[in-house]
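Heads up: the sequence lines are chains A and Z, in that order. Under the numbering used here, the letters of the first sequence match residues 2 to 412, in that order. Under the numbering used here, the letters of the second sequence match residues 29 to 172, in that order.
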Amino acid sequence: MKTKYLIIGNSAAAIGGVQGIREVDKRSKIVLVADEPYSTYSRPLISYWLEGRVDREHMVYRNPDFYRQYGVDTLLGTKVTAIDPTRHIATTDDGKEITYEELLIATGSHPFVPPIEGKDQAKNAFTFTTFDDAQGVKKALTPDAKVVIMGGGLIGLKAAEALIDHVKSLTIVDLADRVMPSVLDSEVAQVMQQHLEDLGMVLKLKTSIKRVGNMSVTLSDGAKLPYDILIFAVGTRPNQALAEAAGIDCERGILTNESQLTSAADVYAAGDCTQSHDISADVDRNIAILPNAFMQGETAGINMAGGQAVFDKAFPVNSMGIKDFYLLTAGSTEGQPQIVNTPDGIRKFYIADDELKGYMILGECQRAGIYTDLIRQKTKLSTVDWNSLAEAPKLMAFDVSVRKADLAQAH
Amino acid sequence: MKRVYVNEEWCLGCHLCEFNCGFANSGETSMIKAYHREQRPLSRIRVEDGDDIHFAVNCRHCKEPLCVKGCITGALSVEDGVIKIDQDQCIGCRTCIAMCPYGCLVLSHNHTMLKCELCLENSCGEPACVTGCPNRAIVYEERG
Numbered sequence: 002m003k004t005k006y007l008i009i010g011n012s013a014a015a016i017g018g019v020q021g022i023r024e025v026d027k028r029s030k031i032v033l034v035a036d037e038p039y040s041t042y043s044r045p046l047i048s049y050w051l052e053g054r055v056d057r058e059h060m061v062y063r064n065p066d067f068y069r070q071y072g073v074d075t076l077l078g079t080k081v082t083a084i085d086p087t088r089h090i091a092t093t094d095d096g097k098e099i100t101y102e103e104l105l106i107a108t109g110s111h112p113f114v115p116p117i118e119g120k121d122q123a124k125n126a127f128t129f130t131t132f133d134d135a136q137g138v139k140k141a142l143t144p145d146a147k148v149v150i151m152g153g154g155l156i157g158l159k160a161a162e163a164l165i166d167h168v169k170s171l172t173i174v175d176l177a178d179r180v181m182p183s184v185l186d187s188e189v190a191q192v193m194q195q196h197l198e199d200l201g202m203v204l205k206l207k208t209s210i211k212r213v214g215n216m217s218v219t220l221s222d223g224a225k226l227p228y229d230i231l232i233f234a235v236g237t238r239p240n241q242a243l244a245e246a247a248g249i250d251c252e253r254g255i256l257t258n259e260s261q262l263t264s265a266a267d268v269y270a271a272g273d274c275t276q277s278h279d280i281s282a283d284v285d286r287n288i289a290i291l292p293n294a295f296m297q298g299e300t301a302g303i304n305m306a307g308g309q310a311v312f313d314k315a316f317p318v319n320s321m322g323i324k325d326f327y328l329l330t331a332g333s334t335e336g337q338p339q340i341v342n343t344p345d346g347i348r349k350f351y352i353a354d355d356e357l358k359g360y361m362i363l364g365e366c367q368r369a370g371i372y373t374d375l376i377r378q379k380t381k382l383s384t385v386d387w388n389s390l391a392e393a394p395k396l397m398a399f400d401v402s403v404r405k406a407d408l409a410q411a412h
Numbered sequence: 029m030k031r032v033y034v035n036e037e038w039c040l041g042c043h044l045c046e047f048n049c050g051f052a053n054s055g056e057t058s059m060i061k062a063y064h065r066e067q068r069p070l071s072r073i074r075v076e077d078g079d080d081i082h083f084a085v086n087c088r089h090c091k092e093p094l095c096v097k098g099c100i101t102g103a104l105s106v107e108d109g110v111i112k113i114d115q116d117q118c119i120g121c122r123t124c125i126a127m128c129p130y131g132c133l134v135l136s137h138n139h140t141m142l143k144c145e146l147c148l149e150n151s152c153g154e155p156a157c158v159t160g161c162p163n164r165a166i167v168y169e170e171r172g
């Protein structure tokens, strides 16, 4: 098989790739290969589906007609087993060879499960990143179920939200001293923890699972906890094995430049499988969030089709609701913290070098994107009325020339 | 394409645009009925008030819309330059709130997101905020 464009993957970065290509090249052939058999769906919606808030039909990330509209030939349920960047060939698990001119690797990430004694023999043990995972949990679900979730990060907490009203008990075990350690500091995590406990969740922090036995886990403090459903939600790792085997440079993710081009000619990478440069902390890291994935994919697609685009504004942005209690975070925890207490929560900013580096907002969060943009643009806070902004996000706090550019010009 | 632009020097801060927006999107035949509902209609345009200056802010319909790119469900999309939201697909996750640089998303009564669709989806046909503005502080026109 021959194609101009080959995309491996079928989630946000891959779809961004398709849309990016079609912004420039309306005609040439696109082949999309993915190991999951499903039309593209929103991975974050698996917890909503499990909770019963979203049906299968509304889990789609693009409507099923998307591939026809965008002229994409799909090979779903097919795994790419090797790529040869020199010969421009990808090999699939059914022995097909696909010759491409431009390749996008958008393989995503996989759940990391620590090497715990007995985990491979464990019954009713799941990870929680795919629709199949969510279906597995649903099958094991009964009103009497005792649930143990290893990992109090975004994935673990969304699984917990989905299950808490449908099970007998739910315990979250995390080695860190707080929930969501990658995006929350201790103080804000404390507020979230109170909310989780009010919902009936049991938190066991600074604790790990030492052993998985017959429908029970043994914790690091020696306690033995029976379970009916065990979910491993410790974190994810980039799917970079294909790229590595092909000799493409990888660290904590596939390395790319700002055009999303890898170290191999005509091979691009985007999304959770890549390493990004986080502008809010000035460090290289894997940022596994959907908006970045889409934007990197779109950037790659435009460049693959001969257009010009760069993505040089990567930083974490997360929005998470747990039973109508909302948390928005962005950026890093570089610099000095500043706290604003609000009627229903807390707002915390991190400031360094006269720039906003990050924020955490628990509770009311309307217009918070104005804060996000300060991080994105590295706006000097001395050029805005920061005291007024910290009180509430508003464009009034910007210089009139900025407002005119925002509101009186096309962009 | 035509968009809504703001002339802040002309804005009186009367907030009429907010009422007209809420009414236009309420589906009611009179403003009185619309605002007599238990849940008052919500405006997709917001007036910011300062000491001497006022101005209205609504969706800029950006050419590079970060809300659309960041939307985790595909509820937000671009159609002929207009950024639209599919209420059936929106789950109210608020990622778009975190993405929009201008703060133009509005939380609805049922926790999904609302945004300006230039009154193309309701019976007005052109932005009710502009039509009702007494001082041409917001206009609907082509600019660069």
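Positions of the beta carbon are idealized from the N, C-alpha and C atoms, including for glycine.
Helix, strand or coil at residue i [DSSP, three-state]
i                      : result
residue 304 of chain A : helix
residue 370 of chain A : helix
residue 143 of chain A : coil
residue 353 of chain A : strand
residue 158 of chain A : helix
residue 72 of chain A  : coil
residue 326 of chain A : strand
residue 409 of chain A : coil
residue 96 of chain Z  : helix
residue 149 of chain Z : coil
residue 136 of chain Z : coil
residue 337 of chain A : strand
residue 239 of chain A : strand
residue 364 of chain A : coil
residue 205 of chain A : strand
residue 245 of chain A : helix
residue 227 of chain A : strand
residue 332 of chain A : strand
Run of the alpha helix (DSSP H) containing residue i, from where it starts to where it stops
i                      : result
residue 197 of chain A : 187-199
residue 47 of chain Z  : 44-52
residue 64 of chain Z  : 59-64
residue 413 of chain A : The first residue shown for chain A is 2 and the last is 412, placing residue 413 of chain A beyond what the model contains.
residue 23 of chain A  : 13-25
residue 51 of chain A  : 47-52
residue 158 of chain Z : 156-159
Chain A contact residues for residue i, given Cβ-Cβ distances below 8 Å
i                      : result
residue 35 of chain Z  : 409
residue 165 of chain Z : Here the premise fails: no neighbours, minimum Cβ distance about 11 Å.
residue 159 of chain Z : Those do not exist, as residue 159 of chain Z stays about 19 Å from chain A at its closest Cβ, beyond 8 Å.
residue 97 of chain Z  : 17, 292, 295, 296 and 299
Cβ-Cβ distance between residue i and residue j below 8 Å
i                      : j                      : result
residue 395 of chain A : residue 36 of chain Z  : no
residue 93 of chain Z  : residue 110 of chain Z : no
residue 138 of chain A : residue 170 of chain A : no
residue 236 of chain A : residue 272 of chain A : no
residue 360 of chain A : residue 333 of chain A : no
residue 239 of chain A : residue 249 of chain A : no
residue 156 of chain A : residue 131 of chain A : no
residue 93 of chain A  : residue 79 of chain A  : yes
residue 32 of chain A  : residue 74 of chain A  : yes
residue 151 of chain Z : residue 142 of chain Z : no
residue 73 of chain Z  : residue 56 of chain Z  : no
residue 184 of chain A : residue 210 of chain A : no
residue 19 of chain A  : residue 62 of chain A  : no
Extent of the continuous beta strand (DSSP E) run through residue i
i                      : result
residue 171 of chain A : 170-175
residue 270 of chain A : 268-270
residue 479 of chain A : Since the displayed chain A opens at 2 and closes at 412, residue 479 of chain A lies outside it and no answer follows.
Per-residue contacts from residue i into chain A (C-beta, under 7 Å)
i                      : result
residue 110 of chain Z : By Cβ distance, chain A contributes nothing, its closest Cβ being about 13 Å from residue 110 of chain Z, past 7 Å.
residue 135 of chain Z : 367
residue 72 of chain Z  : The contacting residues do not exist; residue 72 of chain Z stays about 12 Å from chain A at best.
Contact set between residue i and chain Z, taken where Cβ atoms lie within less than 8 Å
i                     : result
residue 55 of chain A : 119
residue 6 of chain A  : Simply none; closest approach about 20 Å.
Proximal residues of chain A, C-beta to C-beta of residue i below 9 Å
i                      : result
residue 130 of chain Z : 368, 370, 371, 374, 396, 407 and 408
Proximal residues of chain Z, C-beta to C-beta of residue i below 9 Å
i                      : result
residue 103 of chain A : What residue 103 of chain A touches in chain Z: nothing, since even the nearest Cβ is about 21 Å away.
Under 7 Å by beta carbon: chain Z residues contacting residue i
i                      : result
residue 412 of chain A : 88, 90 and 91
Distance cut-off 7 Å: residue i Cβ against heavy atoms of the ligand NAD
i                      : result
residue 111 of chain A : What this structure holds is no ligand at all, so the ligand NAD is not there to describe.
Check: Are there three or more Cβ pairs, one per stretch, closer than 8 Å when the segment 112-127 of chain Z is compared with the segment 308-326 of chain A?
Finding: yes
Check: Okay, do the segment 79-93 of chain A and the segment 43-61 of chain A touch, 3+ Cβ pairs below 8 Å being the bar?
Finding: no
Checklist line | Meets three-Cβ-pair contact criterion under 8 Å: the segment 4-17 of chain A and the segment 100-111 of chain A | finding: yes
Check: Counting pairs of beta carbons, one from the segment 303-310 of chain A and one from the segment 178-194 of chain A, are three or more of them closer than 8 Å?
Finding: no
Check: Does the segment 401-411 of chain A come close enough to the segment 32-48 of chain Z to have 3 or more Cβ pairs within less than 8 Å?
Finding: yes
Check: How do the segment 225-233 of chain A and the segment 279-295 of chain A stand: do at least 3 beta-carbon pairs fall below 8 Å, yes or no?
Finding: no
Note to self: For the segment 118-125 of chain A against the segment 256-267 of chain A, do three or more pairs of beta-carbon atoms, one drawn from each stretch, fall closer than 8 Å, so that the two count as touching?
What the structure shows: no
Checklist line | Given 8 Å, three or more beta-carbon pairs between the segment 326-340 of chain A and the segment 362-375 of chain A | finding: yes
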